[in-house]
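Protein chains in written order, with this note's numbering: chain A, 541 to 985; chain B, 541 to 985.
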């Protein structure tokens, strides 16, 4: 018998990816995932696993589905401390009158640390093993991610106006590159340039980012075509739609993660698909801010890759990828006027492989495949709310809640054990959060 | 000190209704709800309650919000046994090729009993204290509801074609009236006529229902304008839209609960509001079946009352009123292109008072008001996923999950105690559900 680090027996193993078909929707009955040195060594029927492998850590999940760890492809995690600070407002009023003033007042290194820890705890408890972030002090968020053991793509933020993080384009760029250098040997940390949006970043820094992204071989993560206002203002200002401007700046490439994308003409859908732009769909944020509807079914039909993101807890108001998968699957049908749009298996694919592809990490994560990192989420489907079970993939998307996540592994390391975060000091996180709440509330009065 | 049955101290009491404003969005800090003989005796600051009332049952909910029990205004609860049986299909294919054949094969008294028990357990665990149902064997569902202690409006179903429940219109009507008579003295059971839809019930039985509803003084519950196909077929068949036909049959009155209502002209919105028709909005079912978008904001602006329903677990795929409130609040903004549409307080109002008004029970339930029945749901907001708290009403709608429901009372009787269903045999429910799953799966192969 072969000695391995971990054997997880599960009622179902849902690999998400198979050679035969993507997304496969396949659920392997009573299989085991074998983990060694942080990687998936094998996926075999449980009976066979009991013959072939011995391990000091054998986990029996008799009512559970194992899925690839969910990838939250668009976050601003530190903003978890602003959860629910302003609701029921349109994007520009929400940004100008609430979020940006609150950020000016409160955001510093401590805020980013405490907000990031709160968000990471929330994400791990909800089955998310990797997030793609965009915020100030990415180095602080990286330290939080490293201490917690979660995988993270750090946004190297760029914005035309001065903030607590940097004063001008050159400083944003140099601080971003310094962060990239600082964390380039951290095994679970990667970086992406994060120019905020077409309407907040001018051509010159975008051109520099284009060059540096190639040089460092990292993605570019940007809010694009989030609202109709953004398009109107761009036409008034530049005489062209933002995607046209980005195309002329040679930014529409497979390096680009375009978050939101609710305003797309037929030609823009074709263009983005042809150029290999990755779409990060944020259905709940787009609904809540009445930003518009991302044409998910049409993008998929055109061949585009779709990832899913929650956006920040200030706009969503949570980092719940189960909720977001469901909202994506439901909304796509309504928007396409077609109940077969974004079926369950495809929604799960977007929330896992879609994110991995967008981050150019699909050789490492995004599916349960031999050789990939063991980033795994276990979901208990035995609660009354998910009975009976005719198809576990349907249940994961259409009726399971994130509280049914029992266990989470990142690169083979167990971070959630029967709902307990074993690497994080939850009481300390809650206490810091409480202190921020009191400070912010006292200031509002 | 006054002796009372129960005192519940809570971090927040959210009455939903106030004289000053509806919906109020008010959250009373550190208040207590005093219950006696099944009714709300008083709502006072906790300090005052400790001076004035003594009780053998004092419940301390230091991190919780108390809200009126949620009212699920459109269900087919027995169908919980078909949860997830067929997904990603349009309404007519889903009905004709999957749901109706499955019903023909499986539905009998035992099925309705076991499905109802599963659904009632799910609803109570999710903070729902009242449901408005439409299905075969309503007497069996009533028995399940009575045994569990939940409040229920029973649908007296009518449909043109023969089913296991009845052979023709006269039999549907007489069996319905017999069910009404059987349960008229059951304190938590009411009835409503439930003609399935305009496209499955002809004029004659509708006219009779109109008369009998007045005579028995009960509501009429019907699927109306659920899909565009329904409108097209009605025009081809009758030369008029279904709402026009129902108007001519004098059915558009405050007795009518119109479920779905995704296809509404400007004039129809005005007409329904003027006639006092209650709209039962089912956002997730409408999305999943790509039925269309109910114009919630426009209906509210016209003065219509909106209730919220999950529809069945075969189409949703759960009976989660927290999820449904959130979907309603989010979707209304997207559909109205207005982020201020259906704010959190109004969504909570629709899920409580809206349902109570639709069922003509707003003097009895729907808000926490002195004299009303003590139908109360407690929600724990202390989990990391709902921290920090700036506004508890926002959190209830935008980020709390139904698993945060800790305790539920119906007419003063505690049915959920720290997540445990104390009146129901959960193991037996799960076992029967498992047996049905095996039978149905064996037949599918």
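Note that CB positions come from ideal geometry on N, CA and C, so glycine has one too.
Minimum C-alpha distance to residue 837 of chain A - residue among A/752, A/828 and A/810: A/810
Hey, how far is the Cα of residue 952 of chain A from the Cα of residue 664 of chain A? 14 Å
Is there a Cβ of chain A sitting closer than 7 Å to that of residue 912 of chain B, yes or no? no
Does the CB of residue 931 of chain B have a neighbour CB from chain A at under 7 Å? yes
Below 8 Å, can you find three or more Cβ-Cβ pairs linking the stretch 930-940 of chain A to the stretch 968-980 of chain A? no
How about residue 934 of chain A: is its C-beta nearer than 7 Å to some C-beta of chain B? yes
Bridge partners - residue 671 of chain A, DSSP secondary structure assignment: A/612 and A/692
Say whether chain B places a C-beta atom closer than 7 Å to the C-beta of residue 979 of chain A. no
For the beta strand (DSSP E) containing residue 496 of chain A, name the first residue and the last one. What is shown of chain A runs 541 to 985, which leaves residue 496 of chain A out entirely.
Grouping DSSP H, G and I as helix and E and B as strand, with all else coil, what is residue 646 of chain A? helix
Quick one: complete alpha helix (DSSP H) runs, 4+ long, within the stretch 853-877 of chain B? 861-876
Alpha carbon to alpha carbon, how far is residue 546 of chain A from residue 919 of chain B? 38 Å
Counting only beta-carbon separations shorter than 7 Å, does residue 516 of chain B have a partner in chain A? Examination of residue 516 of chain B is not possible in this model, given that chain B is present from 541 through 985 alone.
Given residue 649 of chain B as reference, the closest of B/753, B/630, B/619 and B/551 once Cα atoms are compared: B/619
Can the beta-carbon of residue 886 of chain B be found less than 7 Å from the beta-carbon of residue 563 of chain B? yes
Can you name, in chain order, every residue of its own chain whose Cβ lies under 7 Å from the Cβ of residue 703 of chain A, other than the five neighbours on each side? 676
Distance, Cα to Cα, residue 914 of chain A vs residue 566 of chain A? 19 Å
Can you check which of these residues, A/823, A/709, A/812 and A/897, is closest to residue 791 of chain A by C-alpha distance? A/812
Apart from the five residues just before and just after residue 946 of chain B, which ones in its own chain have a Cβ nearer than 8 Å to its Cβ? 601, 604, 918, 919, 920, 956, 958 and 959
Buried or exposed (CB count within 10 angstroms, at least 16 for buried), residue 634 of chain B: buried
Is there a C-beta anywhere in chain A that falls below 7 Å from the one on residue 973 of chain B? yes
Leaving out five residues on either side along the sequence, give the residues of the same chain with a beta carbon under 6 Å from the beta carbon of residue 668 of chain B. 610, 612 and 861
For residue 731 of chain A, which three-state DSSP category applies? strand
Would you kindly work out how many angstroms separate the C-alpha atoms of residue 841 of chain A and residue 826 of chain A, rounded to a whole number? 21 Å
Name the chain A residues whose beta carbon is nearer than 8 Å to that of residue 966 of chain B? 924
Between which two residues does the alpha helix (DSSP H) harbouring residue 966 of chain B extend? 966-984
Going by the CB atoms, is the gap between residue 760 of chain A and residue 795 of chain A shorter than 7 Å? yes
Residue 846 of chain A versus chain B: which residues are under 7 Å apart at the beta carbon? Within 7 Å Cβ-Cβ: nothing; residue 846 of chain A doesn't reach chain B, min ~16 Å.
Round the Cβ separation of residue 797 of chain A and residue 672 of chain A to the nearest angstrom and send it over; I've been treating them as touching at under 8 Å. 7 Å
Paired residues, beta bridge with residue 806 of chain B - DSSP: Answer is none; residue 806 of chain B lacks a bridge partner.
Here's the rule: buried if 16 or more other CB atoms are within 10 angstroms of the residue's CB, otherwise exposed. What is residue 701 of chain A? exposed
Using a cut-off of 9 Å between C-beta atoms, extract the partners of residue 864 of chain B located in chain A. Under the 9 Å cutoff, chain A gives no residues; its nearest Cβ is about 11 Å from residue 864 of chain B.
Mark residue 949 of chain A as exposed unless 16 or more other C-beta atoms lie within 10 angstroms of its C-beta, in which case mark it buried. buried
Just to confirm, is the Cβ distance from residue 543 of chain A to residue 594 of chain A under 7 Å? yes
Between the alpha carbons of residue 662 of chain B and residue 714 of chain A, how many angstroms are there, rounded? 54 Å
What does a CB cutoff of less than 7 Å around residue 768 of chain A pick up in its chain, not counting 5 residues either side in sequence? 803 and 832
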